[in-house]
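2 protein chains.
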Amino acid sequence: MLSRKNTHKYGHSCMSRGVRFVRTSFSGLDSRLLMKRSSLPVAAPKSPRIRRTKDARSLSENGKPGSPGAEEQADRRHEILEIAAELFAERGYRATSIRDIAERAGLLAGSLYYHIRSKEALFVEIHNTALAAAAMRIHNALNGLSDPWERLQAACLEMLEIQLNAGSLTLPIMNNLRSVPETVRDVLIRQRDDFEKIFRELVAALPLESDIDANLYRILLLSLLNSADGWFREGRLSRAEIAAQIVRIFRHPKN
Amino acid sequence: MLSRKNTHKYGHSCMSRGVRFVRTSFSGLDSRLLMKRSSLPVAAPKSPRIRRTKDARSLSENGKPGSPGAEEQADRRHEILEIAAELFAERGYRATSIRDIAERAGLLAGSLYYHIRSKEALFVEIHNTALAAAAMRIHNALNGLSDPWERLQAACLEMLEIQLNAGSLTLPIMNNLRSVPETVRDVLIRQRDDFEKIFRELVAALPLESDIDANLYRILLLSLLNSADGWFREGRLSRAEIAAQIVRIFRHPKN
DNA sequence: CTTAAATTCTAACAAATGTTTGGTTGATAA
DNA sequence: TTATCAACCAAACATTTGTTAGAATTTAAG
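Residue numbers (our numbering), protein chains in the order written: chain Z, 35 to 289; chain D, 35 to 289.
Next up, the structure:
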């Protein structure tokens, strides 16, 4: 499949993009990482880009999505982001080449640079997007629940779904920090701390014994969930059952 | 530091190897992975190696370490293995280049291939060595302990020491499986299953409630310990305290 | 000293990498 | 029609990668 022969123009066009469906209607998160040049310490381009024509990298530069034709632009970009996210999650940062991403998107390697600024910036944006989307999903999953253990279990379940659901922008990129270049790592960690705040509050609400360190408790729990795709095996237990088991194990004191 | 200028021979010799001390007097584990050519499905070399002279890769081919001069050979090889292990643990498989390893060993890239067969084989051997060494360390740490919770805590502590102690051949290579090529991954996973047997027995000895899945219990615990270098922060809690906390959290029922 | 073996260097190789440049296409609007 | 512009291609680029071949050197044995 995906034989890239002459079809219409350029030898291959918008084919093979069909079997992808975008679910996350998520957009309001800072994707300015690809726009403002000097806002990030990641691999500043050596030769200053001289490009008069407005390319897709400066999308949503004018705040509201009201520009004409900005709809398809955003769609295409979002599509590429999801493809890249999927590959990054599967193989890790370094094992995923620009050419891999481009091929999956039906493009050539160089053409990707119309949409992205660099591989590093692409990864950072994906990471941020995934983190923000995950935060929102968990927030929604907690809606209406009041019992602290119920809330914890719901958060665990949602976290499992997020981690194990490849194909969306909410993906297990959260681990494998070692495979990412140092320049990017610091930026990611900062964003991550922000995300952990949710679980900090969840744990703080638990009636834990005084001899249990709440900080470590949360770190261990998050470590489990973040590496879920590393230990999860399909079949034996459902994700809901696993979430229940996790809370049962972590529950203290057993009333 | 580590300026590699002309010193004696070849422009740089055995300098910069000084600040390394070998601790693990571990040797009796199968390092035949680098010797027998067709014993592994990892990246069979295309062109058959035609080399009459006996190189270091066929070390200990004759079972016992009684060959003349085999001592220094083993030492040099062991040194290289440790260096490579350290780098692999720090940066991951793909981010660690042959040239990085060679430089740390005071060699040039090509010279490394006198000692190793390929990068993949090197990684596989390191992984096996680390796994076997870890198994033995844990086994020793359990010596004399009979109470199942005490045994679990001792195993956790030893596992933490192993994971957090960079610089030895027992290292956190156990994770980051995504960064390793597919050809190698299967071999590693098989070895890993063997290692988990220790924890399977440890968990089986625990008086867990019937509504707790022992399998998942063990997997979660191992996942925590394996990714310890991902969440551990020096300073707040000692490793022994962390091990105690983990067992306290995982302890069921609370008697 | 001579000789052979063990170890490292020099120098390349092909392949893969991220990225840039300038041209080409198709659609839209004047 | 013509001009414009977003989107893509084609072709290269400079590095870095794992790996090899053969020459040079060191080490140990006779």
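Note that CB positions come from ideal geometry on N, CA and C, so glycine has one too.
Note that the structure is predicted; figures quoted are calculated from it, not measured.
Closest Cα partner of residue i within the set the options
| i | options | result |
| --- | --- | --- |
| glutamine 187/Z | Ala274/Z, Pro287/Z, His286/Z and Arg252/Z | Ala274/Z |
| arginine 138/D | Phe266/D, Tyr147/D, Glu116/D and Glu184/D | Glu116/D |
| phenylalanine 157/D | Leu259/D, Arg128/D and Leu179/D | Arg128/D |
| alanine 108/Z | Ala90/Z, Ala119/Z, Phe122/Z and Ala118/Z | Ala90/Z |
| aspartate 247/D | Leu259/Z, Ser272/Z and Asp247/Z | Ser272/Z |
| glutamate 243/Z | Ser261/Z, Pro287/Z, Arg270/Z and Glu159/Z | Pro287/Z |
| asparagine 174/Z | Ile160/Z, Arg111/Z, Leu121/Z and Ala189/Z | Ala189/Z |
| histidine 161/Z | Leu176/Z, Asn177/Z and Asp228/Z | Asp228/Z |
| valine 218/D | Ile114/D, Ser131/D and Glu159/D | Glu159/D |
| arginine 111/D | Thr130/D, Ile150/D and Leu121/D | Ile150/D |
Residue i at chain Z interface by Cβ criterion, 7 Å
| i | result |
| --- | --- |
| serine 152/D | no |
| glycine 269/D | no |
| serine 257/D | yes |
| aspartate 227/D | no |
| isoleucine 132/D | no |
| alanine 129/D | yes |
| leucine 254/D | yes |
Residue i CB to nearest heavy atom of the ligand ZN below 6 Å
| i | result |
| --- | --- |
| aspartate 245/D | With respect to the ligand ZN, the structure offers nothing, as it holds no ligand at all. |
Distance, residue j Cα to residue i Cα
| i | j | result |
| --- | --- | --- |
| glycine 126/D | serine 213/Z | 6 Å |
| serine 145/Z | alanine 136/Z | 8 Å |
| alanine 278/Z | glycine 140/D | 53 Å |
| valine 221/D | isoleucine 172/D | 22 Å |
| threonine 163/Z | aspartate 245/D | 38 Å |
| isoleucine 253/Z | tyrosine 148/D | 44 Å |
| glutamate 192/D | serine 152/D | 32 Å |
| arginine 226/Z | glycine 264/D | 13 Å |
| alanine 155/Z | glutamate 124/Z | 19 Å |
| valine 237/D | methionine 170/D | 18 Å |
| phenylalanine 233/D | asparagine 249/Z | 26 Å |
| serine 72/D | isoleucine 280/Z | Residue confidence is low: serine 72/D scores 30 on pLDDT, short of 50, so the model does not pin down where it sits. Its coordinate-derived value is still stated next. Computed Cα separation, rounded: 44 Å. |
| arginine 224/D | aspartate 181/Z | 42 Å |
| arginine 133/D | leucine 142/D | 7 Å |
| leucine 68/D | arginine 185/D | Low local confidence applies: a pLDDT of 38 at leucine 68/D is under 50, so the model's placement there is unreliable, with the coordinate-based value given in what follows. Cα to Cα, leucine 68/D sits roughly 36 Å from arginine 185/D. |
| leucine 165/Z | arginine 267/D | 22 Å |
| tyrosine 251/Z | isoleucine 114/Z | 37 Å |
| proline 241/Z | threonine 130/D | 45 Å |
| phenylalanine 122/Z | asparagine 177/D | 43 Å |
| proline 215/D | proline 215/Z | 19 Å |
Expected contact under 8 Å - CB spacing of residue i and residue j to nearest Å
| i | j | result |
| --- | --- | --- |
| leucine 256/D | glutamate 235/D | That belief does not hold up - the Cβ atoms of leucine 256/D and glutamate 235/D are roughly 13 Å apart, past 8 Å. |
| leucine 194/D | isoleucine 283/D | Actually they do not touch by this definition, with Cβ atoms about 14 Å apart. |
| leucine 203/Z | alanine 119/Z | 5 Å |
| alanine 168/D | isoleucine 196/D | 5 Å |
| leucine 259/Z | leucine 258/D | That belief does not hold up - the Cβ atoms of leucine 259/Z and leucine 258/D are roughly 11 Å apart, past 8 Å. |
| leucine 310/D | alanine 262/D | A query on residue 310/D cannot be resolved here, the shown segment of chain D reaching from 35 to 289 and no further. |
| arginine 270/Z | tryptophan 183/Z | That belief does not hold up - the Cβ atoms of arginine 270/Z and tryptophan 183/Z are roughly 24 Å apart, past 8 Å. |
Short CB-CB distance (under 7 Å) between residue i and chain D
| i | result |
| --- | --- |
| leucine 140/Z | The sequence given here places glycine at residue 140/Z; leucine does not occur at that position. It does not; no Cβ of chain D falls within 7 Å. |
| glycine 178/Z | no |
| tryptophan 265/Z | yes |
| leucine 186/Z | no |
| arginine 224/Z | no |
| glycine 126/Z | yes |
| glutamine 279/Z | yes |
| said: Runs of 4 residues minimum, wholly inside the stretch 198-251 of chain D: which ones carry the alpha helix (DSSP H) assignment? | reply: 216-238
| Quick one: complete alpha helix (DSSP H) runs, 4+ long, within the stretch 126-173 of chain D? | 132-138
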